[in-house]
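**Q** Before anything else, here's the structure in question.
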Ligand code: IVH
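Residue numbers (the numbering used here): 27 to 732.
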């Protein structure tokens with residue numbers, strides 16, 4: 027770019043900003059971009075360059091502020107001016123009927139106009155604009171106070187930092203949803219898997235995970251988008267109806283739903299819900315339901331709110347989609363604790379927005395109970411759009427070629443005879459040196475939830491173990507250029523994995539210039555992980571039942587691994603007062619004690635220390651214990667029926683995410699975790715409208731520790 031005078035630069039900057047804003051509008055509001063992404067990026071780059079050259083001309087309002095910025099230290103909290111309530115949810119049409127009848131009773135002899143909108147499956151957000159300028163963006167949090175994610179939301183191109191037009195309210199809280207477009211989800215997951223990181227199970231988690239990134243530059247790359255469907259506090263303008271409010275938001279330059287549906291009668295409402303159920307698949311975002319709202323604000327004021335949700339709206343959720351496909355084979359996966367899990371290999375089938383080729387079958391009992399055979403036609407479902415599960419077998423489609431499945435008597439990886447722990451359904455490989463167990467332990471150790479070693483993913487770990495270069499997690503730190511010399515060769519011949527290693531890990535460079543970049547980056551990432559906070563190390567050790575939540579609490583309480591190593595049961599369980607976690611049970615404390623008693627484990631820890639892994643780094647960012655900060659903190663649970671592990675273990679896992687376990691189902695029960703044969707508790711929960719979860723759904727809530 028030629029050197030410009032300040033006044034020339036000012037003119038050019040202004041022109042560029044206007045041009046870019048116009049392209050943003052065409053791209054997001056009209057969905058009709060008139061230039062290519064590359065050309066758009068070039069304009070943005072020019073503007074950025076000028077703003078760097080002439081810092082005095084930079085401005086908060088510039089479109090360059092939408093992309094990236096300095097990493098955040100932590101999220102501050104913001105109190106919503108008007109609480110962000112949630113909606114009553116239902117899967118049943120009859121509840122919509124009851125809702126509609128209720129409207130009629132509370133608004134007798136009135137014409138009731140309703141609007142029906144897609145329920146976007148993302149993260150609820152509240153933006154505050156003062157005199158048209160974006161002041162902050164906050165997540166819902168507990169409804170009263172949310173996280174300040176302004177920096178991250180500023181990276182979303184469609185969210186204006188300044189509202190357009192006239193008649194802008196002095197102050198307005200705009201409410202909506204941040205989502206990850208379906209198209210972006212697939213690529214993001216491909217990139218994450220290829221980088222050895224865990225993919226997100228669904229678009230909602232991907233959006234939430236992206237929004238919680240501390241580095242806005244990463245958020246900018248994710249491609250989040252937003253849609254707005256309501257307001258909180260509004261000062262200086264008043265609308266009569268939802269439709270008017272949405273039109274106004276749209277005129278300010280905020281993205282809103284392209285269309286919504288109107289209905290005046292119950293029949294119309296139900297018809298619209300069905301219509302939306304079909305067209306929703308063509309939306310760029312994932313939807314999990316339809317929201318039915320009363321259009322008139324005057325009527326809304328009469329209907330008002332119940333304690334936790336408005337009486338003027340309800341969310342109807344579409345049932346998880348099912349699909350039929352052939353189960354080709356049942357394979358065995360060996361987990362890091364040695365548990366053998368049967369997994370169904372399916373003929374790939376498209377369901378709820380993605381292609382499914384595998385589904386977990388949990389254990390042999392479930393296979394026997396559902397009489398699942400290799401070669402069967404099965405019905406699969408993505409419960410909560412997360413883990414695909416085999417619901418039932420289409421026995422009427424059986425020929426005679428289906429094969430009955432038998433759990434193997436020996437581990438498929440190391441051929442050690444399997445054992446069955448008393449009282450447990452699970453079958454496990456008892457060999458602590460089993461290569462399959464080792465691979466899973468290494469994957470867990472390096473994962474995002476634990477030591478977060480970028481680039482150390484499944485493909486490389488498989489090779490490291492198969493080539494006998496690594497025999498324990500501590501051996502990762504003994505890797506060097508020599509041992510990894512095969513790596514660049516392998517990667518050069520494998521394009522898909524190759525590009526991953528071009529990432530810059532911002533770590534100290536420890537190798538000379540001739541080292542191939544792939545090896546260099548991996549060794550840098552490993553080196554960097556030695557300084558990870560203690561909770562990551564505790565989590566990475568893979569102590570049974572100790573996931574992220576417990577690891578954070580333990581690290582905070584013990585401060586160093588050496589103290590945790592010698593902790594006694596009384597202290598772990600908090601019996602000596604002020605223990606690490608209220609509610610840590612005997613099983614978890616026993617498992618921690620056993621872990622550190624084991625000779626192999628002691629050697630590994632010694633070795634980790636010798637290699638320079640730090641045992642006492644604290645994470646300043648984590649203030650709360652994960653259990654009290656968990657979104658399930660304060661929830662009340664009841665367990666019923668047969669599950670894959672003993673009740674006490676499950677109860678401990680519930681406590682680890684901040685829940686409380688009760689014996690009887692009542693009005694205050696948040697979740698009923700129901701295994702096979704739920705009995706009277708299940709009946710009662712259904713009667714009281716308590717949310718019932720199956721084990722797969724529960725495992726998803728638990729996250730990677732389960
Ligand atoms: S209206 C007073 N409209 O669903 C609550 N919510 O289950 C007003 N959501 O927290 C919410 N799409 O995050 C509304 N078109 C839509 C929505 C929507 C998604 C989310 C929102 C809310 C949750 C309630």
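For every residue, glycine included, the Cβ atom is placed at its ideal position computed from N, Cα and C. Just so you know, these numbers come straight off a predicted model, no measurement behind them.
Return the first residue and the last residue of the alpha helix (DSSP H) that residue 300 is part of.
**A** Taking the chain shown and counting its residues from 1, one reaches residue 300 at position 274. Unbroken alpha helix (DSSP H) run through residue 300: 292-305.
**Q** Quick check on this structure: which residue in 709, 702 and 713 has the alpha carbon closest to the alpha carbon of residue 721?
**A** Locating residue 721 in the chain shown gives position 695, where the first residue counts as 1. Nearest C-alpha to residue 721: 702.
**Q** Quick check: does the Cβ of residue 310 come within less than 7 Å of any heavy atom belonging to the ligand IVH?
**A** By one-based count along the chain shown, residue 310 stands at place 284. Checking every heavy atom of the ligand IVH against the Cβ of residue 310, none is found closer than 7 Å.
**Q** Express the C-alpha separation of residue 328 and residue 337 in angstroms, rounding to a whole number.
**A** Locating residue 337 in the chain shown gives position 311, counting from the first residue. Locating residue 328 in the chain shown gives position 302, counting from the first residue. Their backbone Cα atoms lie some 9 Å apart in a straight line.
**Q** Using a Cβ-Cβ cutoff of less than 8 Å, which residues in the same chain neighbour residue 705 once the five nearest sequence positions on both sides are dropped?
**A** The residue labelled residue 705 in the question sits at position 679 within the chain shown. Once the five neighbours on either side are set aside, the close Cβ partners of residue 705 are 666 and 667.
**Q** Considering only DSSP beta bridges, list what residue 199 is partnered with.
**A** In the chain shown, residue 199 corresponds to position 173, counting from 1. Paired residue(s): 154.
**Q** Rounded to the nearest angstrom, what separates residue 188 and residue 159 at their Cα positions?
**A** Within the chain shown, numbered from 1, the residue matching residue 188 stands at position 162. Within the chain shown, numbered from 1, the residue matching residue 159 stands at position 133. Taking the straight line from one Cα to the other gives about 5 Å.
**Q** So, does the stretch 567-580 touch the stretch 459-479, judging by three or more C-beta pairs under 8 Å?
**A** A contact exists between the stretch 567-580 and the stretch 459-479.
**Q** Quick test of the definition: if touching needs 3 or more C-beta pairs under 8 Å, does the stretch 610-625 touch the stretch 477-495?
**A** Contact between the stretch 610-625 and the stretch 477-495 is absent, because fewer than three Cβ pairs lie under 8 Å.
**Q** Considering only the beta carbon of each residue, do residue 211 and residue 229 sit closer than 8 Å?
**A** For the purposes of this step, residue 211 is identified with residue 185 of the chain shown, where counting begins at 1. For the purposes of this step, residue 229 is identified with residue 203 of the chain shown, where counting begins at 1. Against a cut-off of 8 Å, the Cβ pair of residue 229 and residue 211 comes out as a contact.
**Q** Please classify residue 435 as buried or exposed, where buried requires at least 16 neighbouring CB atoms within 10 angstroms.
**A** The residue labelled residue 435 in the question sits at position 409 within the chain shown. It is exposed - the Cβ of residue 435 has fewer than 16 other Cβ atoms within 10 Å.
**Q** I'd like the span of the alpha helix (DSSP H) that includes residue 125, first residue to last.
**A** In the chain shown, residue 125 corresponds to position 99, counting from 1. Start and end: 119-132.
**Q** Quick one: grab the DSSP three-state call for residue 397.
**A** In the chain shown, the residue the question calls residue 397 occupies position 371. Here residue 397 sits in coil by DSSP.
**Q** Can you list, in chain order, the residues of its chain with a C-beta nearer than 6 Å to that of residue 55? Leave out the 5 residues immediately preceding and following it.
**A** Mapped onto the chain shown, residue 55 falls at position 29. Residue confidence for residue 55 is low, a pLDDT of 47 falling below 50, so the modelled location carries little weight; the figure read from the coordinates is stated next. Same-chain partners within the cutoff: there are none.
**Q** If you measure from the CB of residue 573, is any heavy atom of the ligand IVH nearer than 7 Å?
**A** Mapped onto the chain shown, residue 573 falls at position 547. Not so, every heavy atom of the ligand IVH lies at least 7 Å from the Cβ.
**Q** Going by the CB atoms, is the gap between residue 689 and residue 664 shorter than 8 Å?
**A** Stepping through the chain shown from its first residue, residue 664 is reached at position 638. Stepping through the chain shown from its first residue, residue 689 is reached at position 663. Their beta carbons are under 8 Å apart, which means residue 664 touches residue 689 by this criterion.
**Q** For residue 136 versus residue 325, is the C-beta distance shorter than 8 Å?
**A** Against the chain shown, residue 136 aligns to sequence position 110. Against the chain shown, residue 325 aligns to sequence position 299. Their beta carbons are under 8 Å apart, which means residue 136 touches residue 325 by this criterion.
**Q** Hey, would you say residue 205 sits closer than 8 Å to residue 148, going by beta carbons?
**A** Here the question's residue 205 lines up with position 179 in the chain shown. Here the question's residue 148 lines up with position 122 in the chain shown. Taking 8 Å as the Cβ cut-off, residue 205 and residue 148 qualify as a contacting pair.
**Q** Taking the alpha helix (DSSP H) that residue 586 belongs to, which residues open and close that run?
**A** As a working note, residue 586 is residue 560 in the chain shown. No alpha helix (DSSP H) holds residue 586; DSSP gives it neither H nor E.
**Q** State yes or no: is the beta carbon of residue 373 nearer than 8 Å to at least one beta carbon in chain D?
**A** Chain labels in this structure do not include chain D; a single protein chain is all it has.
**Q** Rounded to whole angstroms, what's the CA-CA distance from residue 676 to residue 257? Just pull it up for me.
**A** The residue you call residue 676 lines up with position 650 of the chain shown. The residue you call residue 257 lines up with position 231 of the chain shown. Cα-Cα distance, rounded: 41 Å.
**Q** Based on Cα-Cα distance, which residue from 282, 261, 266 and 454 lies nearest to residue 255?
**A** Start at 1 with the first residue of the chain shown, and residue 255 comes out as number 229. Checked all of 282, 261, 266 and 454; the closest Cα to residue 255 is 282.
**Q** Here's the rule I'm using: 16 or more other beta-carbon atoms within 10 Å means buried, otherwise exposed. How should residue 330 be labelled?
**A** In the chain shown, residue 330 corresponds to position 304, counting from 1. That one is exposed.
**Q** Quick one: grab the DSSP three-state call for residue 712.
**A** Counting from one through the chain shown, the residue named residue 712 turns up at place 686. Of the three classes helix, strand and coil, the one that applies to residue 712 here is helix, per DSSP.
**Q** When you measure from the CB of residue 611 to every non-hydrogen atom of the ligand IVH, does any distance come out below 7 Å?
**A** On the chain shown, position 585 is the one that residue 611 refers to. No - the ligand IVH has no heavy atom lying nearer than 7 Å to the Cβ of residue 611.
**Q** Bridge partners of residue 542, per DSSP?
**A** For the purposes of this step, residue 542 is taken as the residue at position 516 of the chain shown. Note: residue 542 sits in no beta bridge, so no partner.
**Q** The beta strand (DSSP E) with residue 230 in it runs from where to where?
**A** Locating residue 230 in the chain shown gives position 204, counting from the first residue. Run containing residue 230: none in the beta strand (DSSP E); it sits in the alpha helix (DSSP H), 229-237.
**Q** What residues in its chain sit with their C-beta under 8 Å from that of residue 468, if we drop five residues either side in the sequence?
**A** Position 442 of the chain shown, counting from 1, holds the residue named residue 468. The answer, listed in chain order, is 482, 487, 490, 491, 496, 499 and 502.
**Q** So who's on the other strand from residue 104, going by DSSP bridges?
**A** Here the question's residue 104 lines up with position 78 in the chain shown. Answer is 172.
**Q** I'd like to check one pair, residue 359 with residue 406: are the Cβ atoms closer than 8 Å?
**A** Within the chain shown, numbered from 1, the residue matching residue 406 stands at position 380. Within the chain shown, numbered from 1, the residue matching residue 359 stands at position 333. Not in contact: residue 406 and residue 359 (Cβ atoms no closer than 8 Å).
**Q** Leaving aside the five residues before and after residue 551 along the sequence, list all residues of the same chain whose C-beta is less than 6 Å from its C-beta, in chain order.
**A** Position 525 of the chain shown, counted from the start, is the residue given in the question as residue 551. Around residue 551: 479, 480, 481 and 531.
**Q** Buried or exposed for residue 649, please, with buried defined as at least 16 other CB atoms from any protein chain shown within 10 angstroms of its CB.
**A** Walking along the chain shown from the start, residue 649 turns up at place 623. Residue placement at residue 649 is poorly supported in this model, since its pLDDT is 41, which falls under 50; the coordinates still yield a value, given next. Residue 649 should be labelled exposed.
**Q** Can you pull the DSSP bridge partners for residue 408?
**A** Residue numbering aside, residue 408 sits at position 382 when the chain shown is read from its first letter. Answer is 414, bridged to residue 408.
**Q** Near residue 420, which residues of its chain fall below 8 Å by C-beta distance, leaving aside the five closest residues on each side in sequence?
**A** Along the chain shown, one-based indexing puts residue 420 at 394. Taken in chain order, the residues that qualify are 350, 402, 403, 404 and 405.
**Q** With three or more C-beta pairs closer than 8 Å as the rule, is the stretch 443-453 touching the stretch 381-398?
**A** Yes, the stretch 381-398 is in contact with the stretch 443-453.
**Q** Which term fits residue 161, buried or exposed, when burial requires 16 or more other beta carbons within 10 angstroms of its beta carbon?
**A** Indexing the chain shown from 1 puts residue 161 at position 135. By the 10 Å Cβ count, residue 161 comes out exposed.
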